[in-house]
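Q: Read in this note's numbering, the sequence shown has 208 at position 129, and its numbers run on one by one without any break.
C-beta: ideal position from N, C-alpha, C; glycine also.
All of these numbers come straight from a predicted model, not from anything done at the bench.
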Amino acid sequence: MHVLITGATGLIGSNLVPLLLEQDYKVKVLVRDPAKAQKLLHHRVEICAGHLNDEKAIEKAMQSCRYLFHLAADYRLWVPDPQSMYMTNVDGTRLLMEKALEAGIERIVYTSSVCTLGYNADGNPANEDLPSCLEDMISPYKKSKFLAEKAVSRMIKEKGLPAVIVNPSTPVGPGDSRPTPTGAMILNTARDGGRFYAETGLNIAHVEDIARGHVLALQKGIVGQKYILGGDNLRLKELFAITAKAAGKPGPMCKVPPAILYPIAIISELLAKLGLVKEPTATLDSIRMASKIMFYSSQKAETELGYTHRPAIHAVEDSIQWFKKNGMLD
Numbered sequence: 080m081h082v083l084i085t086g087a088t089g090l091i092g093s094n095l096v097p098l099l100l101e102q103d104y105k106v107k108v109l110v111r112d113p114a115k116a117q118k119l120l121h122h123r124v125e126i127c128a129g130h131l132n133d134e135k136a137i138e139k140a141m142q143s144c145r146y147l148f149h150l151a152a153d154y155r156l157w158v159p160d161p162q163s164m165y166m167t168n169v170d171g172t173r174l175l176m177e178k179a180l181e182a183g184i185e186r187i188v189y190t191s192s193v194c195t196l197g198y199n200a201d202g203n204p205a206n207e208d209l210p211s212c213l214e215d216m217i218s219p220y221k222k223s224k225f226l227a228e229k230a231v232s233r234m235i236k237e238k239g240l241p242a243v244i245v246n247p248s249t250p251v252g253p254g255d256s257r258p259t260p261t262g263a264m265i266l267n268t269a270r271d272g273g274r275f276y277a278e279t280g281l282n283i284a285h286v287e288d289i290a291r292g293h294v295l296a297l298q299k300g301i302v303g304q305k306y307i308l309g310g311d312n313l314r315l316k317e318l319f320a321i322t323a324k325a326a327g328k329p330g331p332m333c334k335v336p337p338a339i340l341y342p343i344a345i346i347s348e349l350l351a352k353l354g355l356v357k358e359p360t361a362t363l364d365s366i367r368m369a370s371k372i373m374f375y376s377s378q379k380a381e382t383e384l385g386y387t388h389r390p391a392i393h394a395v396e397d398s399i400q401w402f403k404k405n406g407m408l409d
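#1: Which residue's Cα is closest to the Cα of His81: Ile126, Cys333 and Lys118?
#2: Rounded to a whole number of angstroms, what is the C-alpha to C-alpha distance between Thr85 and Gly92?
#3: Is there contact between the region 190 to 203 and the region 369 to 382, where contact requires at least three CB pairs shorter than 8 Å?
#4: I'd like to confirm the pairing. Which residues does DSSP put opposite Leu83 in its beta bridges?
#5: Taking the beta strand (DSSP E) that Gly89 falls in, what are its first and last residues?
#6: Below 6 Å CB to CB, which residues in the same chain sit around Ser223 once its five sequence neighbours on both sides are set aside?
#7: In the DSSP assignment, what are the bridge partners of Leu308?
#8: When burial is assigned at 16 or more other CB atoms within 10 Å of the CB, is Lys305 buried or exposed?
#9: Among Glu228, Val286, Asn132 and Lys105, whose alpha-carbon lies nearest the alpha-carbon of Ala242?
#10: Spell out the partners DSSP gives Phe225 in its beta bridges.
#11: Take Glu278 and list the residues in its own chain whose beta-carbon comes closer than 7 Å to its own, dropping the five residues that flank it on each side.
#12: Between the C-alpha atoms of Val286 and Ile366, what's the straight-line distance to the nearest angstrom?
#13: Spell out the partners DSSP gives Arg186 in its beta bridges.
#14: For Pro336, count neighbouring C-beta atoms within 10 Å of its own C-beta (all shown protein chains included) and say buried if the count is 16 or more, exposed if not.
#15: When you compare the CB positions of Ile321 and Ser248, do they come within less than 8 Å of one another, or not?
#16: Between Ser192 and Leu150, what straight-line distance do the alpha-carbon atoms span, to the nearest angstrom?
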């Protein structure tokens, strides 16, 4: 059973690969950096060089494959040129799905995000059915993922694309080499205790649980359906507190109102645009998101797929241990 994975060197993808190998799938990966893939992935993985807008590379990688996991995405909270993000996340996804249809791929798991879904302002956990629209999407990343998911859904309905959509929440755990924005937040909190926090909330899930949810979606998911793969809903103060405790640091002490953060974000983005720093330490989009409580329920995935998740503290502890083991945290 040959399966092709995009985004295999990312946080979720690098945890998905060993699960598939354990179940005797023959794994191929389409990656931009073969050298990085050789370092991160198992020797039994077949590595194909290419990117999401490389038509010939996609066609070659899909040869002999029955299944496709599309996880690759440009995930950044700030980009100097949003168009590059749209080319990867939207145009690249559309091309990959077209090529999957041409290649006769039997089943696709498309990795979207909970960021494309609606949320309840009162903090009650939202599900897959809560409506959302493009105007609700705050950042270029969220807009691009929303448009990409819509493109996949449209192809399912109009062209018979055999795809299941999964909407992971915030993955935390081993393998966060980049690290992701949330991984960086945990890393910084493990260093200094996360003294300052915003009044926001998010859903935290162990990355290994999310990876396992992808396999369940392939094996049990219904084509055309969406499944939230999440974990525990936590206020940011709670996340900082359990992270600080796990790292033996003092916990959060001071809530910072958005009014104070906006000027910092404006200056930070300006410095990045002028090329004085590589990227801003805070962005206007992240401050806007920090005023929202984005809680979600994985009940549908639990009922239909048999998805389960462990407590968020386990994800945080495993993340900290991985950072220490890999020299990213003293």
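A: Concretely, from the data shown:
#1: Here the question's residue 81 lines up with position 2 in the sequence shown. Among Ile126, Cys333 and Lys118, the Cα nearest to that of His81 is on Ile126.
#2: Start at 1 with the first residue of the sequence shown, and residue 85 comes out as number 6. Start at 1 with the first residue of the sequence shown, and residue 92 comes out as number 13. Whole-angstrom Cα-Cα distance: 8 Å.
#3: Judged by Cβ distances under 8 Å, the region 190 to 203 makes contact with the region 369 to 382, as three or more pairs qualify.
#4: Mapped onto the sequence shown, residue 83 falls at position 4. BP columns for Leu83 point to Lys107 and Leu147.
#5: Residue mapping note: residue 89 aligns to position 10 of the sequence shown, counting from 1. Careful: Gly89 lies outside any beta strand (DSSP E) and carries neither H nor E.
#6: Walking along the sequence shown from the start, residue 223 turns up at place 144. Answer for Ser223: Met164, Tyr165, Asn168 and Val169, listed in chain order.
#7: Mapped onto the sequence shown, residue 308 falls at position 229. According to the DSSP secondary-structure assignment, Leu308 is paired through a beta bridge with Pro247.
#8: Working through the sequence shown from its first residue, we reach residue 305 at position 226. Buried, by the Cβ-count rule.
#9: To locate residue 242, count along the sequence shown from 1; it is residue 163. Of the listed residues, the one whose Cα sits closest to Ala242 is Glu228.
#10: Residue mapping note: residue 225 aligns to position 146 of the sequence shown, counting from 1. Here Phe225 is not bridged, per DSSP, to any residue.
#11: Here residue 278 is taken as the residue at index 199 of the sequence shown, counted from 1. Lys334, listed in sequence order.
#12: Stepping through the sequence shown from its first residue, residue 286 is reached at position 207. Stepping through the sequence shown from its first residue, residue 366 is reached at position 287. Counting only the Cα atoms, Ile366 lies some 25 Å from Val286.
#13: Taking the first residue of the sequence shown as position 1, residue 186 is located at position 107. Answer is Tyr146, bridged to Arg186.
#14: By one-based count along the sequence shown, residue 336 stands at place 257. It is exposed - the Cβ of Pro336 has fewer than 16 other Cβ atoms within 10 Å.
#15: Here residue 321 refers to the residue found at position 242 when the sequence shown is read from its first residue. Here residue 248 refers to the residue found at position 169 when the sequence shown is read from its first residue. A distance of 8 Å or more separates the beta carbons of Ile321 and Ser248.
#16: Your numbering for residue 192 matches position 113 in the sequence shown. Your numbering for residue 150 matches position 71 in the sequence shown. The straight-line gap from Cα to Cα measures roughly 10 Å.
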